[in-house]
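All remarks here apply to the structure that follows.
Number of protein chains: 2
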Amino acid sequence: MAEIGAKDVKALRDRTGAGMMDCKKALQEADGDMDKAIEILRVKGQAKAAKRGEREAAEGIVTSYVHSTQKIGVLVEINCETDFVARNDDFQEFAREVAVQIAATGPQYVSEDEIPDEVKQAELRIYEEQAADKPENVRPKIAEGRLRKWFEDVTLLNQEHVNKDKHAGQTIEHMRSAVSSKTGENVIIRRFSRFQVGE
Amino acid sequence: MAEIGAKDVKALRDRTGAGMMDCKKALQEADGDMDKAIEILRVKGQAKAAKRGEREAAEGIVTSYVHSTQKIGVLVEINCETDFVARNDDFQEFAREVAVQIAATGPQYVSEDEIPDEVKQAELRIYEEQAADKPENVRPKIAEGRLRKWFEDVTLLNQEHVNKDKHAGQTIEHMRSAVSSKTGENVIIRRFSRFQVGE
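These protein sequence lines are chains W and Y, in that order. Residues 41 to 239 (this note's numbering) make up the first sequence, in order. Residues 41 to 239 (this note's numbering) make up the second sequence, in order.
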């Protein structure tokens, strides 16, 4: 087993926000490999998050973002479990980025679960009709694929972060999961409003 | 006819935002009485506003207010007719005060027109039942009176301004009408959202 220095433990802690002992264990398990240790903490964090889903997330913050032109504005409520985490910098930064994302992309729902069944079915029928000229055996797959692509457009959690330099390839769900791991609490985007003048 | 000094005209202009010539005419009509002149300008302003109601108000701004605790937030869209007025200080200040008002009082609708008929009827039935012990001939009046009181609670435009020092007895509709007169444009509170953490 590799010897783990306090300096490495601290560096890992700074990057993940995980506890001292968790960082040390992850580094030992990863044989001192920093990237692997982050991976290990993430996996554990997600395992924890699944358990946390059952706990109540009734604290949190309301935050807003209004574009400098004042033509687009967003209000969003993000929940966590304690007021302590609600005031945490990572949580606050996440809330801010979510508000900017909503302003930029105009999603219609937080997640797929929110889309009414009849809306999903109506959308699927359109894609099935569009695929009518394809061989019958591949039609359902094509339509399903297009429906999935549509989910990515209209649901906030499935969207890629608009800041592609800083968060290339990351979805909002990735970011939500990361802030949940980092803070050790269930983090939920509860609801949002987006107003555009004259729409 | 009273002699109208430039100083009075300027004072009236400062208080109402009306044009120089309108102020002079109003003061002449009011025989130099400042309060009466304001009244005259208001009446004319409202007469103009009624005509303006037919014109389209598709410009405006989205503004937000989040309480310092971050537990309550408001997003509101206010419309006017031109982007010029949207950037006007009085219009901006009105928008800001409306957002603060909504945060403080939590109205459910902008105006009575927005309340669905079945909600109004259900509410009225409650008040009629509450008045069941009163003489039959006064019951409708009592129930109507209570319904009107309820409108004042739940509709933004019928609410009294929360800043009672600065705007004693003024409703939001009074303020809307005043900013409409002052800017010379139709001003409409189009929609709002109010989020309170955990509600």
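Think of the CB as a built atom: it goes at the ideal place given N, C-alpha and C, for glycine as much as any other residue.
Amino acids of chain Y, ordered along the chain, whose beta-carbon sits closer than 8 Å to that of residue i
| i | result |
| --- | --- |
| Gln110 (chain W) | Ile101, Val102, Thr103 and Ala126 |
| Gly238 (chain W) | Ala98, Glu99, Gly100 and Asn119 |
Those residues which DSSP pairs with residue i across a bridge
| i | result |
| --- | --- |
| Leu115 (chain Y) | Y:Ser104 and Y:Ser233 |
| Cys63 (chain W) | In DSSP, Cys63 (chain W) forms no bridge with anything. |
| Glu294 (chain Y) | Only positions 41 to 239 of chain Y appear in the structure, and residue 294 (chain Y) is not among them; the question remains open. |
| Ile228 (chain W) | W:Asn119 |
| Tyr195 (chain W) | Looking at the sequence itself, residue 195 (chain W) is Thr, so the reference to Tyr does not match. According to DSSP, which records beta bridges pairwise, Thr195 (chain W) is partnered with W:Tyr149. |
| Thr211 (chain Y) | Y:Glu200 |
| Glu99 (chain Y) | Y:Cys120 |
Integer Cβ distance of residue i from residue j, believed to fall under 8 Å
| i | j | result |
| --- | --- | --- |
| Asn198 (chain W) | Glu184 (chain W) | Incorrect: roughly 15 Å between the Cβ atoms, too far for contact. |
| Gly100 (chain Y) | Ile118 (chain Y) | 5 Å |
| Val120 (chain Y) | Thr223 (chain Y) | Looking at the sequence itself, residue 120 (chain Y) is Cys, so the reference to Val does not match. So it is a contact: roughly 7 Å between Cβ atoms. |
| Arg53 (chain W) | Met60 (chain W) | 6 Å |
| Ala51 (chain W) | Ala66 (chain W) | 12 Å between Cβ atoms; not a contact. |
| Arg179 (chain Y) | Glu168 (chain Y) | 6 Å |
Given residue i as reference, the closest of the options once Cα atoms are compared
| i | options | result |
| --- | --- | --- |
| Phe191 (chain Y) | Y:Val140, Y:Ser217 and Y:Val150 | Y:Val150 |
| Val227 (chain Y) | Y:Arg216, Y:Ser104 and Y:Glu79 | Y:Arg216 |
| Phe134 (chain Y) | Y:Ala171, Y:Val219 and Y:His201 | Y:Val219 |
| Gln317 (chain W) | W:Glu176, W:Thr122 and W:Val116 | With chain W running from 41 to 239 in the structure shown, residue 317 (chain W) is simply not present. |
| Ile155 (chain Y) | Y:Arg188, Y:Arg136 and Y:Gln68 | Y:Arg188 |
| Val237 (chain Y) | Y:Gly113, Y:Arg186, Y:Gln132 and Y:Thr223 | Y:Gly113 |
| Asp123 (chain W) | Y:Phe131, Y:Thr109, Y:Lys174 and Y:Phe232 | Y:Thr109 |
| Gln148 (chain W) | W:Phe235, W:Gly45 and W:Ala46 | W:Phe235 |
| Tyr105 (chain W) | W:Glu121, W:Lys204 and W:Gln132 | W:Gln132 |
| Lys127 (chain Y) | Y:Val138, Y:Asp71 and Y:Thr103 | According to the sequence provided, residue 127 (chain Y) is Arg. The question's Lys does not apply to it. Nearest option by C-alpha distance: Y:Thr103. |
| Met74 (chain W) | W:Gly59, W:Cys63 and W:Ile182 | W:Cys63 |
| Ala143 (chain W) | W:Gly59, W:Ala97 and W:Val194 | W:Val194 |
| His207 (chain W) | W:Gln170, W:Glu239 and W:Val138 | W:Val138 |
| Gln68 (chain W) | W:Glu152, W:Arg231, W:Gly45 and W:His201 | W:Gly45 |
| Val125 (chain W) | W:Asp71, W:Glu163, W:Ser221 and W:Asn203 | W:Ser221 |
| Gln170 (chain Y) | Y:Asn177, Y:Ile182 and Y:Gln161 | Y:Ile182 |
| Lys84 (chain W) | W:His107, W:Thr56 and W:Ala98 | W:Thr56 |
| Ile229 (chain W) | W:Arg136, W:Val49, W:Asp71 and W:Lys111 | W:Arg136 |
| Ala58 (chain W) | W:Ala172, W:Phe232, W:Glu239 and W:Glu79 | W:Glu79 |
| Glu225 (chain W) | W:His201, W:Asp205 and W:Glu96 | W:Glu96 |
| Ser233 (chain Y) | Y:Lys204, Y:Leu196 and Y:Asp205 | Y:Leu196 |
| Arg186 (chain W) | W:Lys160, W:Arg82 and W:Asp205 | W:Lys160 |
Neighbour list for residue i in chain W, Cβ cutoff strictly below 9 Å
| i | result |
| --- | --- |
| Ala70 (chain Y) | In chain order: nothing, as chain W lies at least about 38 Å away. |
Listed by chain order, chain Y residues near residue i by CB distance under 7 Å
| i | result |
| --- | --- |
| Ser233 (chain W) | Leu115 and Ser233 |
| Val106 (chain W) | Val102, Thr103 and Ser104 |
beta-carbon residue i near the ligand HEM non-hydrogen atom, thresh 7 Å
| i | result |
| --- | --- |
| Ile118 (chain Y) | Because no ligand of any kind appears in the structure shown, any question about the ligand HEM cannot be addressed here. |
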